[in-house]
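Protein chains: 2
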Amino acid sequence: MVSIKDIAKKAGVSISTVSYALNGSPKVTEETRQKILAVAEELKYVPNAAARTLKTRETKVIGLYLTDFGGAFYGDLLQGVKEVLNQKGYDLIVCSGKRSHRFLPERTIDGAIVLDATFSDKELLKYAEMGKKIVVLDRELNHPNINHVFLDNKAGATLAMEYLWENGHRRIYVVTGPKASYDSNQRLKAVRQFAERHELDVKEVEGRFTKESGELAAERIFQEYEEPTAVFCLNDEMAVGLYMYFRKTDLVIGRHIHIIGFDNIELAEYISPRLATIDYSKRKWGALASEQLLKMLSGKSVEHERIYVKLIPGESVGSLSNR
Amino acid sequence: MVSIKDIAKKAGVSISTVSYALNGSPKVTEETRQKILAVAEELKYVPNAAARTLKTRETKVIGLYLTDFGGAFYGDLLQGVKEVLNQKGYDLIVCSGKRSHRFLPERTIDGAIVLDATFSDKELLKYAEMGKKIVVLDRELNHPNINHVFLDNKAGATLAMEYLWENGHRRIYVVTGPKASYDSNQRLKAVRQFAERHELDVKEVEGRFTKESGELAAERIFQEYEEPTAVFCLNDEMAVGLYMYFRKTDLVIGRHIHIIGFDNIELAEYISPRLATIDYSKRKWGALASEQLLKMLSGKSVEHERIYVKLIPGESVGSLSNR
DNA sequence: TTGTAGGCGTTATCAA
DNA sequence: TTGATAACGCCTACAA
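The listed protein sequences derive, respectively, from chains A and H. Just so we're aligned: the first sequence equals residues 1 to 323 in the working numbering. Just so we're aligned: the second sequence equals residues 1001 to 1323 in the working numbering.
Right, here's the structure in full:
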């Protein structure tokens, strides 16, 4: 392992001079700098991150926590995060699982972006209390060191309900996510509000945001089927589960069963009929989250941000009037 | 920042005793250990990873390099890697982009698994030469510190060709991946061998492993269309591109255009008709790669490994005899 | 402009 | 069984 000490020896200068030269300080002459750089090159010197971190107390690395690595869902979001971070001289690492939580208190990362249901509020608050800067994307947490950037879930859910309503649907199911999911709860709240306003009786079926739970929900809906029915799946993944189930029945999606989802995942475009859903820019979400985090890291104060949503129509929802 | 020094002071012992106690050394009495643990708890002590790494020269973290974060493709693979790693006391971080390459020489990670076309052979060899242990999943590289675990691409491509052949297809296209792709080249080689053996004239269309390039290929195939034609897309992503294109024409997949892909991505199951493809266990691939890496890290010698493949039939390929 | 020296938090060797 | 002390590699006053 070659260190600045080795360079100093070989170049015939002191280690501090080497350090200055390497860090581009104006305190050394261009001549000595060149000599030192040449020696460093020759010795194939590589700085030791651990040593520097120990001294500077920062790693220039941000951790992004995900519930799991499955699902194409996060691609764009991560891309958005990475672009902003890199541009500001930071690196991104993606982590999952309890073990990796240690990165935060142990200072392996300078800050974290969390989109991980298995990361408890309590633990997050503990780290925030230790001074760690955190941006959460999947919950609301009140702490000066924690900022949130979330989706406009309520607007999205309302858009979805309006779309069904305008297409003449009055017989409506909603398939929810896990009880602990912030997003699910927000969306459900908006659905209930809509139902109340329109004196509508929306049947709630509990799901878990997975395809399998979507299939289960479909089974129940199928059994209760009497006449054309609409289903608002609180995420697209479950909507795909419904597709899978109804594909095996004689009920046709977009005709007997009308489905709208939430998230506009890639699959939504490729299954047929095209799934109506609620879209938002995942890349922007990620970009905004990282900008917020970097601001916090540099001591600036930040406001909580929100990502706007829009409706994507699809043939999975047909009009009831012209049937 | 509370360090072992603070604990030592408060507990009235020396820092070395604290270190021993914290690391579960048998050199301290149970009594002092308990006392020290209690003080550590009270002070909310958290070990400093940088300091420890500086000393021990290891981080217990493995880096996995990906070309980009997009695509659902890697979910299972990452899961496989993570499970093995965690079980052996290591953490996984997922990285992408040139900036993060520094983790390897700077010792932020103990080793790397690479599935990243943008990571050059030259750079990889440089790090290997520095003593870094690396497992590559997307190329062949000859160095004692580099191990490969790859797919049995040739067997897969041959299976695909045989499937088309057995279904009576003689008019066959192959849509390739990027010229620099190891996987694409291996698969193509097998296709050519098959063609030669069967005195078949396989038309080659160049693709880039993306949906868009699949659509482009489809356009050309459409223009040249005369009679039922089979297409072997060297990955599923491009096959989806073909679906998108032909959906807008009057040629029906599984009837006029017969398609088989490679990878068995999630989408393959959900588009219709079901895409015939070549499957392999991505989770196992990841698991094997990490096992290999850990073995290398512990100084053991390893053999290059291979992941086996199997055919997944699908209605995207129809039989030509019973048409 | 360059050198000296102290310290960041750990681990580990050697004495006591 | 415990303590003093020297690294690990880097940064940065302060001194020269």
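Virtual Cβ for every residue (Gly too), placed ideally from N, Cα, C. All values reported here derive from a predicted model rather than from experimental measurement.
Proximal residues of chain H, C-beta to C-beta of residue i below 7 angstroms
i: ALA51/A; result: LEU1054
i: THR108/A; result: ALA1049
Residue range of the beta strand (DSSP E) that includes residue i
i: ILE1134/H; result: 1133-1136
i: LYS1035/H; result: Where LYS1035/H is concerned, there is no enclosing beta strand (DSSP E), although the alpha helix (DSSP H) it sits in stretches over 1030-1042.
i: SER96/A; result: 91-96
i: LEU115/A; result: 111-115
i: VAL191/A; result: Unbroken run through VAL191/A is the alpha helix (DSSP H), 182-197; no beta strand (DSSP E).
i: LYS1203/H; result: 1203-1205
Secondary structure of residue i, DSSP reduced to three states
i: HIS148/A; result: strand
i: THR229/A; result: strand
i: GLY63/A; result: strand
i: GLY318/A; result: coil
i: THR336/A; result: For residue 336/A there is no data in the structure shown, the boundaries of chain A being 1 and 323.
i: TYR173/A; result: strand
i: ILE1260/H; result: strand
i: ILE1271/H; result: coil
i: ILE253/A; result: strand
i: MET1/A; result: coil
Burial state of residue i (16 or more Cβ within 10 Å)
i: GLY111/A; result: buried
i: GLU31/A; result: exposed
i: THR1059/H; result: buried
i: ASP1091/H; result: buried
i: TYR308/A; result: exposed
i: ILE4/A; result: buried
i: ARG1323/H; result: Note that ARG1323/H scores 44 on pLDDT, short of 50, meaning its location in the model is unreliable and no value can be drawn from it.
i: THR118/A; result: exposed
i: VAL252/A; result: exposed
i: LYS1044/H; result: exposed
i: MET238/A; result: buried
i: ASN1147/H; result: buried
Partner residues on chain A for residue i, Cβ-Cβ distance less than 7 angstroms
i: LEU1078/H; result: PHE69
Boundaries of the alpha helix (DSSP H) in which residue i is found, first to last residue
i: VAL309/A; result: Where VAL309/A is concerned, there is no enclosing alpha helix (DSSP H), given that its DSSP letter is neither H nor E.
i: ILE1221/H; result: 1211-1223
i: THR108/A; result: Run containing THR108/A: none; DSSP gives neither H nor E here.
i: ASN1358/H; result: The structure shown does not extend to residue 1358/H, since chain H is modelled only from 1001 through 1323, so no value can be given for it.
i: GLU237/A; result: 236-247
i: SER1016/H; result: 1015-1022
i: LEU1124/H; result: 1121-1129
i: ASP6/A; result: 4-11
i: THR1053/H; result: 1049-1056
Chain A residues whose Cβ lies nearer than 8 angstroms to that of residue i
i: VAL1094/H; result: PHE69, ILE93, VAL94 and CYS95
i: TYR1270/H; result: VAL240, TYR243, MET244, LEU267, TYR270 and ILE271
i: PRO1105/H; result: VAL46
i: LYS1082/H; result: PHE69, SER96 and GLY97
Cα-Cα separation, residue i to residue j
i: ALA1011/H; j: GLY177/A; result: 49 angstroms
i: PHE262/A; j: ASN235/A; result: 4 angstroms
i: TYR1127/H; j: ASP1183/H; result: 23 angstroms
i: LYS1189/H; j: LYS1154/H; result: 7 angstroms
i: LEU1064/H; j: HIS256/A; result: 46 angstroms
i: ASN86/A; j: ILE113/A; result: 15 angstroms
i: ALA1388/H; j: ALA1287/H; result: Given that chain H is displayed from residue 1001 to residue 1323, the structure contains no residue 1388/H and the question cannot be resolved.
i: ASN1145/H; j: VAL61/A; result: 27 angstroms
i: ALA1008/H; j: ASN23/A; result: 36 angstroms
i: GLY254/A; j: LEU311/A; result: 17 angstroms
i: GLN79/A; j: GLY1241/H; result: 22 angstroms
i: ILE1134/H; j: HIS304/A; result: 42 angstroms
i: GLU42/A; j: SER14/A; result: 18 angstroms
i: ARG283/A; j: ARG1033/H; result: 50 angstroms
i: SER298/A; j: GLU1083/H; result: 36 angstroms
i: GLN1193/H; j: GLU204/A; result: 57 angstroms
i: LYS1132/H; j: LEU1104/H; result: 7 angstroms
Interface partners of residue i on chain A, CB under 9 angstroms
i: PRO1273/H; result: Going along chain A, no residue has its Cβ under 9 angstroms from PRO1273/H, so there is no contact; the nearest lies around 11 angstroms.
i: LYS1282/H; result: Chain A residues near LYS1282/H: none, gap ~11 angstroms exceeds 9 angstroms.
Interface partners of residue i on chain H, CB under 8 angstroms
i: ARG99/A; result: ASN1086 and ASP1091
i: TYR74/A; result: PHE1069
Proximity test, residue i beta-carbon vs the ligand FMN heavy atom, cut-off 7 angstroms
i: ALA155/A; result: With respect to the ligand FMN, the structure shown offers nothing to examine, as it has no ligands at all.
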